[in-house]
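Here's the structure we're looking at; comments come further down.
There are 2 protein chains.
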Amino acid sequence: MAKRVAIMGATGAVGVEFLRILEQRAFPLASLKLLASSRSAGKTMPFRGQSLPVEELTDKSFRGIELVLASAGSSISKQFAPAANAAGAVIVDNTSAFRMVDGIPLVVPEVNPKDINTHKGIIANPNCSTIIMNVPIWPLHVAFGIKRLVVSTYQAVSGAGAKAMAELEQQARDWAAGKPVSKSVMPHQALFNVFSHNSKIGANGYNEEENKMVNETHKIFHDPRIAITATCVRVAVLRAHSEAVNIQFSRPVSEQQVRQVLAAAPGVKIVDDRRANYHPMPLDASGQDDVLVGRIRQDPSLEGGVGIDLFISGDQIRKGAALNAVQIAEML
Amino acid sequence: MAKRVAIMGATGAVGVEFLRILEQRAFPLASLKLLASSRSAGKTMPFRGQSLPVEELTDKSFRGIELVLASAGSSISKQFAPAANAAGAVIVDNTSAFRMVDGIPLVVPEVNPKDINTHKGIIANPNCSTIIMNVPIWPLHVAFGIKRLVVSTYQAVSGAGAKAMAELEQQARDWAAGKPVSKSVMPHQALFNVFSHNSKIGANGYNEEENKMVNETHKIFHDPRIAITATCVRVAVLRAHSEAVNIQFSRPVSEQQVRQVLAAAPGVKIVDDRRANYHPMPLDASGQDDVLVGRIRQDPSLEGGVGIDLFISGDQIRKGAALNAVQIAEML
């Protein structure tokens, strides 16, 4: 059952996490090939006590490969998917290239694992903010029926890659040294700041990240009727996303019922200590597989007991990207 | 018309801002007395080219004082208000001590200036998050009628005082120096983190900050029918609060109508450049009198065109506290 695997974009933030997760989960590997741009070719990366070479990604990279974990950017995925499929490999793609393409499954294993079976060579991994929201929201939708979601995100810079993380760290070092704080990866200073998500704003006034949360959730849930509005915001956090989620159900739901469903939900960990005021935080979620869920409370602004407020945190690089993709690969 | 003024809590973050604003606005002063705890007595603070002494706050501090600007904590305000009123002084109180007391006006000058006239010696200054939300929300309520608000905050540490700001700065210095990051003012590390607001959680599951946003808005607007739910969160920002606000109106409202109302609203500055992806940020709002409003867009998750999403930023110490109190004093 061991697979011959290639990682596209092995040297990026998600690529590094792919290696860590394949190690930690003892993924059955017959071989592992690390692929990246020509700039990174020749480097080595540690894996299971060995030192693996990074090779330049070309159309010929996929000979004998059965599974590709891709996270080298949307245009790279579009460019190399045909060659990978032609060589017989299945691609689990972490970019936005194929997510909304009809016939290509978009999968969160805790939500729609059966969609994996419909693949024709490509399985898309959803956007990080979408995955982190969907893991706790799906079991609540199954149990009670969700009518509308209002979500505001507190997103780590890691979503813009390892360079954005390094930039925030450098800003902290420069500030501490009394030097001017500069930025080139992100459009605005992240240190001691908050800014609207750095994706393009569309004709509807929502940015791409916000539109992804709406459209991808509809596809993953197979339910376009759920009304969703999102405000996506970057905060000065390195690698876990948080989200304030207001839920309107189609029928009355108590806090206790929500707690019971979430306590039994796969991939969810309840962190909700009102007395100690201890709730989900990105520093705690970093490095964890589970999405942390807390601040569970009945929203009195909706009549009839149909509203619930939540606050969640999940590791953007892990469950928001690499882990979700490896979980899909494990199910193949 | 010049007044004999005393500042209670002169050495705190808001106290320092009181001095700055009295200078900048050329507030008519016959005299200015700086009051603080015995620990700070004997210090001096610069004001209009002079060096003013800080005196210990006692019941006898108010002789001859006509106006007290108070920001030394709720219990201090409760303790000294009777003495100040007995001496004939009017108190503009920036603490939560009297905000929800029947008969004591709670005022945002852009919203309910006439309530000032009903005072009997005390006028309460609202919570910072409430003020910053109310300035742009009120003119929209007057124009179109608001039915429900869902708000998520991105709050600076300055709301917990100058010590909390110094703690975040020290965390950045320690992190940059490779030292362990510690905390004693805030319950959690603020640097590279986000955490649920550090106020006590009540029986309804909402923390005090969230309940203030609901109850104070109802009192200021004289309209308890507006449904409000809030999630209040601290971010690693020094001194300006941001808020994602989802508004449900009682009738259809277009983006264009909202822009027109906000463009004419006092205390509001529209910062909403979709092409450049430039929107309200706490770094920009810091030091500004106006509340910045952007990301103005029609929310398609509400049927009938009754929904609007906004993102706002306002200086927590300035409009959220000291400036609002001085504006009240100017109207007296």
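Residue numbers (the working numbering), protein chains in the order written: chain R, 363 to 694; chain H, 363 to 694. Glycine included, C-beta positions come from ideal geometry on N, C-alpha and C. Fair warning: this is a prediction, and the values are worked out from it, not measured in the lab.
- Message: With the cut-off set at 8 Å, would you say S604/H and I674/H are in Cβ contact?
- Response: Yes.
- Query: Using the rule of at least 16 other Cβ atoms within 10 Å of the residue's Cβ for burial, across every protein chain shown, is T515/R buried or exposed?
  - Reply: Buried, by the Cβ-count rule.
- Task: Run the CB neighbour count on R401/H, radius 10 Å, all protein chains shown included, and call it buried at 16 or more, exposed below.
- Result: So R401/H ends up on the exposed side.
- List, in order along the chain, the chain H residues whose C-beta lies closer than 7 Å to that of M643/R? Those within 7 Å of M643/R in chain H are H550, N555, V556, F557.
- Please list the partners that D661/H has in chain R, where partner means a Cβ-to-Cβ separation under 8 Å. Per Cβ cutoff of 8 Å: T591.
- How many whole angstroms separate the CB atoms of I453/R and A432/R, which I take to be in contact at a CB cut-off of 8 Å? Right, their Cβ atoms sit about 6 Å apart.
- Query: Going along the chain, which residues of its own chain have a beta-carbon closer than 7 Å to the beta-carbon of D661/R, five neighbours each way excluded?
  - Reply: So the list reads N608, G669, I670, D671, once near-sequence residues are dropped.
- Query: On the three-state DSSP scale, how would you describe Q619/H?
  - Reply: Under the three-state reduction of DSSP, Q619/H is assigned to helix.
- Query: Alpha carbon to alpha carbon, how far is I493/H from Q517/H?
  - Reply: A straight-line Cα-Cα distance of about 13 Å links I493/H and Q517/H.
- Message: Is the beta carbon of L600/R closer than 8 Å to that of S491/R?
- Response: The answer is no: Cβ separation not under 8 Å.
- Query: Quick one: which chain R residues come within Cβ less than 8 Å of R657/H?
  - Reply: What R657/H touches in chain R: S558, G567, T593.
- Message: Assuming T646/H is part of the alpha helix (DSSP H), what are its boundary residues?
- Response: Note on residue identity: the sequence assigns Asp, not Thr, to residue 646/H. Membership of D646/H in the alpha helix (DSSP H) is indicated by the continuous run 644-647.
- Under the assumption that V630/R contacts P498/R (Cβ atoms under 8 Å), give the Cβ distance between them as a whole number of angstroms. Here V630/R really is in contact with P498/R; their C-beta atoms are around 5 Å apart, less than 8 Å.
- Task: Please work out which residues of its chain come closer than 8 Å, Cβ to Cβ, to N566/R, disregarding the five sequence neighbours upstream and downstream, and give them in chain order.
- Result: Closer than 8 Å at the Cβ level, and outside the excluded window around N566/R, lie N573.
- At what residue ranges does the segment 551-577 of chain H contain a whole run of the beta strand (DSSP E), taking only runs of 3 or more? Qualifying beta strand (DSSP E) stretches, in chain order: 556-558.
- Item | Sequence-distant residues of its chain with Cβ nearer than 7 Å to E578/R (five each side left out) | Closer than 7 Å at Cβ, skipping near neighbours: R461, L468, P488, N489, T492.
- Message: Give me the chain R residues within the contact set of S433/H, using Cβ-Cβ distance strictly less than 8 Å, ordered along the chain.
- Response: In chain order: nothing, as chain R lies at least about 23 Å away.
- Message: Give me, in chain order, the residues of the same chain whose beta-carbon lies closer than 7 Å to that of G507/R; leave out the 5 immediate sequence neighbours on both sides.
- Response: For G507/R, where only same-chain residues beyond five positions count, the Cβ hits under 7 Å are F611, S612, R613.
- Query: Does the distance from the C-beta atom of F554/R to that of A606/H stay below 8 Å?
  - Reply: Judged by beta-carbon spacing, A606/H lies beyond the 8 Å limit of F554/R, meaning their Cβ atoms are not closer than that value.
- Contacts of L419/H in chain R (Cβ-Cβ under 9 Å): Under the 9 Å cutoff, chain R gives no residues; its nearest Cβ is about 30 Å from L419/H.
- Selection of the segment 623-637 of chain R by Cβ proximity to chain H, strictly under 7 Å: When CB distances to chain H are screened at a threshold of 7 Å, the residues of the segment 623-637 of chain R falling below it are R636, in chain order.
- Message: Could you give the first and the last residue of the continuous beta strand (DSSP E) run that contains L600/H?
- Response: Under the DSSP assignment, L600/H falls outside any beta strand (DSSP E); it carries neither an H nor an E label.
- Which term fits P644/H, buried or exposed, when burial requires 16 or more other beta carbons within 10 angstroms of its beta carbon? P644/H sits buried, since 16 or more C-beta atoms from the chains shown fall within 10 Å of its C-beta.
- Closest residue to L419/H among A552/H, D677/H, I369/H (Cα-Cα distance): Closest by C-alpha distance to L419/H, out of A552/H, D677/H, I369/H, is I369/H.
- Task: Out of I466/H, R387/H, G371/H, P501/H, state which residue places its alpha-carbon closest to the alpha-carbon of M407/H.
- Result: Measuring from the Cα of M407/H, the nearest candidate turns out to be G371/H.
- Query: Excluding five sequence neighbours on each side, which residues of the same chain lie with their C-beta closer than 6 Å to the C-beta of D536/R?
  - Reply: If you ignore the 5 residues before and after D536/R, its C-beta comes within less than 6 Å of the C-beta of V543, all in its own chain and listed in chain order.
- Query: Could you give the distance in angstroms between the alpha-carbon of R657/R and the alpha-carbon of V513/R?
  - Reply: For the pair R657/R and V513/R, the Cα-to-Cα distance works out to about 14 Å.
- Among S663/H, V633/H, A486/H, the one whose alpha carbon lies nearest that of L654/H: Minimum Cα distance to L654/H is reached at V633/H.
- Can a CB atom of chain R be found closer than 8 Å to the CB of F442/H? Not an interface residue.
- How would you call P628/R, buried or exposed, if buried means at least 16 neighbouring beta carbons within 10 angstroms? Residue environment analysis places P628/R among the exposed positions, since fewer than 16 neighbouring C-beta atoms fall within 10 angstroms of its C-beta.
- Query: What residues from the segment 665-676 of chain H come within 9 Å of chain R, judged by C-beta to C-beta, listed N to C?
  - Reply: For the segment 665-676 of chain H, which is checked against every Cβ of chain R, the residues closer than 9 Å are E665, G669, D671, L672, F673, S675.
- Bridge partner(s) assigned by DSSP for V512/R: Partner(s): T591/R, N608/R.
- Cβ-based contacts, 8 Å cut-off: residues of the segment 494-516 of chain H near chain R: The segment 494-516 of chain H vs chain R, Cβ under 8 Å: R510, L511, V512, S514, Y516.
- Task: Use the C-beta contact count for H584/H: other C-beta atoms within 10 angstroms, 16 or more gives buried, fewer gives exposed.
- Result: Flag for H584/H reads exposed.
- Query: CA-CA distance, G734/H and M548/H?
  - Reply: One cannot answer for residue 734/H here, as it falls past the ends of chain H, which runs 363 to 694.
- Taking 8 Å as the cut-off, decide whether the C-beta atoms of A451/H and I427/H are in contact. Taking 8 Å as the cut-off, the beta carbon of A451/H is found closer than this to the beta carbon of I427/H.
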